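Peer 1:
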Amino acid sequence: MSELNAKFPATDVLIVGAGITGLAHAAEAVSRGLTVRIIDRDTRAAGASIRNFGHCCVSAQTGELLELATVAREGWLRHSARAGFFSVESGALAVARNSAEMAVLEELAALRGSGSVELAPAGRVREELSGGGDPAIVGGALLREDIRVDPRQAVGSMAAWLAAQPGVSFLWRTSYLGPDDAGTSASGTVTVRTSRGQLSAARVIVCVGHDLDYVHPEVAEPFEVNRCGLQMALVRPARPLDIRRAVLTGTSMLRYPAFAQTAAAAGLRTELETNSPELLAIDANLMLTQRPDGTLLIGDSHHTETTLDPFLDEATSDTLLDGAAKLLGAGPFTVLQRWQGIYASSPQQSFLVKELQPGVTAVSVTSGIGMTISFGLARKTFAQF
Ligand SMILES: Cc1cc2nc3c(=O)[nH]c(=O)nc-3n(C[C@H](O)[C@H](O)[C@H](O)COP(=O)(O)OP(=O)(O)OC[C@H]3O[C@@H](n4cnc5c(N)ncnc54)[C@H](O)[C@@H]3O)c2cc1C
2 MSELNAKFPA TDVLIVGAGI TGLAHAAEAV SRGLTVRIID RDTRAAGASI RNFGHCCVSA
62 QTGELLELAT VAREGWLRHS ARAGFFSVES GALAVARNSA EMAVLEELAA LRGSGSVELA
122 PAGRVREELS GGGDPAIVGG ALLREDIRVD PRQAVGSMAA WLAAQPGVSF LWRTSYLGPD
182 DAGTSASGTV TVRTSRGQLS AARVIVCVGH DLDYVHPEVA EPFEVNRCGL QMALVRPARP
242 LDIRRAVLTG TSMLRYPAFA QTAAAAGLRT ELETNSPELL AIDANLMLTQ RPDGTLLIGD
302 SHHTETTLDP FLDEATSDTL LDGAAKLLGA GPFTVLQRWQ GIYASSPQQS FLVKELQPGV
362 TAVSVTSGIG MTISFGLARK TFAQF
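Numbering of the sequence shown is given in this note's numbering, commencing with residue 2 and proceeding in unit increments.
1) When we look at the beta-carbon of residue 335 and count the other beta-carbons within 10 Å, is it buried (16 or more) or exposed?
2) Helix, strand or coil: which one does DSSP assign to residue 276?
3) Under 9 Å, do residue 343 and residue 317 count as touching if we go by C-beta distance?
4) If you follow the alpha helix (DSSP H) that residue 167 is in, where does it begin and where does it stop?
5) Kindly list the residues whose CB is nearer than 6 Å to the CB of residue 91, restricted to its own chain and excluding five residues on each side of it in sequence; keep chain order.
6) What I want to know is whether the C-beta of residue 204 ends up closer than 8 Å to one or more non-hydrogen atoms of ligand 3.
7) Residue ranges of each alpha helix (DSSP H) run of no fewer than 4 residues wholly in the region 56-120, ordered along the chain?
8) Just mark residue 215 as buried or exposed, buried being the case when its beta carbon has 16 or more other beta carbons within 10 Å.
9) Would you mind working out which of 266, 328, 220 sits nearest residue 287, comparing C-alpha positions?
10) In chain order, what are the residue ranges of uninterrupted alpha helix (DSSP H) at least 4 long that sit wholly in the region 209-295?
11) Would you call residue 169 buried or exposed, if buried means 16 or more other Cβ atoms sit within 10 Å of its Cβ?
12) Would you check if the distance between the CB atom of residue 24 and the CB atom of residue 150 is smaller than 9 Å?
13) Mind checking whether residue 42 and residue 176 have CB atoms under 9 Å apart?
14) Please list, in chain order, all residues of the same chain as residue 406 whose beta carbon is under 8 Å from its beta carbon, the five residues on each side excluded.
15) Whole angstroms is fine: what's the gap from residue 19's alpha carbon to residue 308's?
16) Going by Cα to Cα distance, which pick from 314, 299, 189, 140 is closest to residue 326?
17) Where does residue 137 land, buried or exposed, given buried means 16+ other C-beta within 10 angstroms?
18) Below 9 Å between beta carbons: does that hold for residue 378 and residue 361?
19) Taking DSSP as the reference, what is the three-state secondary structure of residue 139?
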């Protein structure tokens, strides 16, 4: 038995990765009365889960993703109350600036009903944007089920709350290296190798986000899991704004399935190809959320590769910032920070839950919806055990 294993006796569950996927699985384990150890190679979560918009984008999902997102919504609200982090139930606002965008929103509203997707006239959209807005705005839709958290606060608060629960412990600066070759022991525990020695648990759940190929290429490669790099910025607007909702635009409507599956989406693509080719060229999802201190998270572009170029492209930033300033009528912005976010991306499916060997399961959200579905995905993973 290694020194570490003697110091840290086997738990019911060992979670690898303290991003939102790992933490949601840890919270699900706690709710089932299980003991949990969470390890992460860093001293705190610094991956995709703190680099995003904090948007739990429920209404724009369909099928199983909508089911997972609906469960996740309740998970966010429950843990926001327990762990004391900022969340708003105010939903999202999809802004239409031409008839093609409005046609998508009208079609979705007719399908879902106003309790979920409520059409809003241009005046209401301007009010929601704090009284400004692009003169081209023709209307919009309120996406009632969406919620928001502040990603920089929520993930750290979740970890702190979990650490205070009985039977939960964290081991930071501890890298997972893979399962021990011995397999499952007679006592029913599996042992994994880490940078600090061996750890054992009845069940191991590997939630390493976009770095799945580093530890389990045998899973990442068949699912064609790559890295999607996104450029983001934190800005201070020229005048104070109060925007409660996550704000989506036409490019968002091409991306999220509930919009993209409408008949009107084809006309929207043509419209964007004709009038906003610069946004399509960077595969933009032009959207924003406001943090509690009034600053705005603005993004994002998308570029997928196995190994990403680390250099941020200034022209891409300009396209996104100019687009957001025009949308809000609130430029010029003071840029406070720029960064690259990375999430796992598979062309085959939006998430994967894969048993690697008895007792060891890999879970990765392989699309840009980890904040939207993680709590629902955790419920699904445990239901399979
Ligand atoms: C810019 C951007 C915007 C986004 N916007 C949204 C949004 O608005 N809504 C939404 O739903 N989703 C959004 N997403 C997607 C969402 O952020 C991700 O799907 C989600 O955060 C993935 O969480 P995770 O826990 O799997 O990964 P991560 O947060 O990356 O966490 C993985 C953790 O595993 C650890 N780790 C890795 N390898 C090892 C190892 N070998 N040993 C130990 N620890 C290890 C890492 O240190 C890290 O802490 C966005 C993503 C980005 C990048």
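Think of the CB as a built atom: it goes at the ideal place given N, C-alpha and C, for glycine as much as any other residue.
The model shown is predicted, which means the values in this text are computed figures rather than measured ones.
Peer 2: In short:
1) If you number the sequence shown from 1, residue 335 lands on position 334. Exposed, by the Cβ-count rule.
2) Against the sequence shown, residue 276 aligns to sequence position 275. The answer is helix: DSSP assigns residue 276 an H, G or I state.
3) Indexing the sequence shown from 1 puts residue 343 at position 342. Indexing the sequence shown from 1 puts residue 317 at position 316. In this structure, residue 317 does not lie closer than 9 Å to residue 343 by Cβ.
4) Your numbering for residue 167 matches position 166 in the sequence shown. Counting along the chain, residue 167 falls outside any alpha helix (DSSP H), and DSSP gives it neither H nor E.
5) The residue given as residue 91 occupies position 90 in the sequence shown. Here the set comprises 245, 246.
6) Ligand 3 is not among the ligands present in this structure, which contains only ligand 1.
7) 64-84, 100-113
8) For this step, residue 215 is matched to residue 214 along the sequence shown. Exposed, because fewer than 16 other Cβ atoms sit within 10 Å of the Cβ of residue 215.
9) As a first step, residue 287 must be located in the sequence shown, where it is residue number 286. It is 328 whose Cα lies nearest to the Cα of residue 287.
10) 213-216, 218-221, 251-256, 258-261, 266-276, 278-282
11) What you label residue 169 is simply residue 168 of the sequence shown in a count that begins at 1. When all chains shown are included, residue 169 counts as buried.
12) What you label residue 24 is simply residue 23 of the sequence shown in a count that begins at 1. What you label residue 150 is simply residue 149 of the sequence shown in a count that begins at 1. No.
13) Within the sequence shown, residue 42 is the residue found at index 41, counting from 1. Within the sequence shown, residue 176 is the residue found at index 175, counting from 1. In contact: residue 42 and residue 176 (Cβ atoms closer than 9 Å).
14) Residue 406 lies beyond the stretch modelled for the chain, which goes from 2 to 386, so this question has no answer here.
15) As a working mapping, residue 19 is identified with position 18 in the sequence shown. As a working mapping, residue 308 is identified with position 307 in the sequence shown. Between residue 19 and residue 308, the C-alpha separation is close to 22 Å.
16) On the sequence shown, residue 326 is found 325 positions in, with the first residue counted as 1. Of the listed residues, the one whose Cα sits closest to residue 326 is 299.
17) Your numbering for residue 137 matches position 136 in the sequence shown. Classification for residue 137: exposed.
18) Translated into positions along the sequence shown, residue 378 becomes position 377. Translated into positions along the sequence shown, residue 361 becomes position 360. No, the Cβ-Cβ distance between residue 378 and residue 361 is not below 9 Å.
19) The count along the sequence shown starts at 1 and reaches residue 139 at position 138. Residue state, collapsed to three classes: coil.
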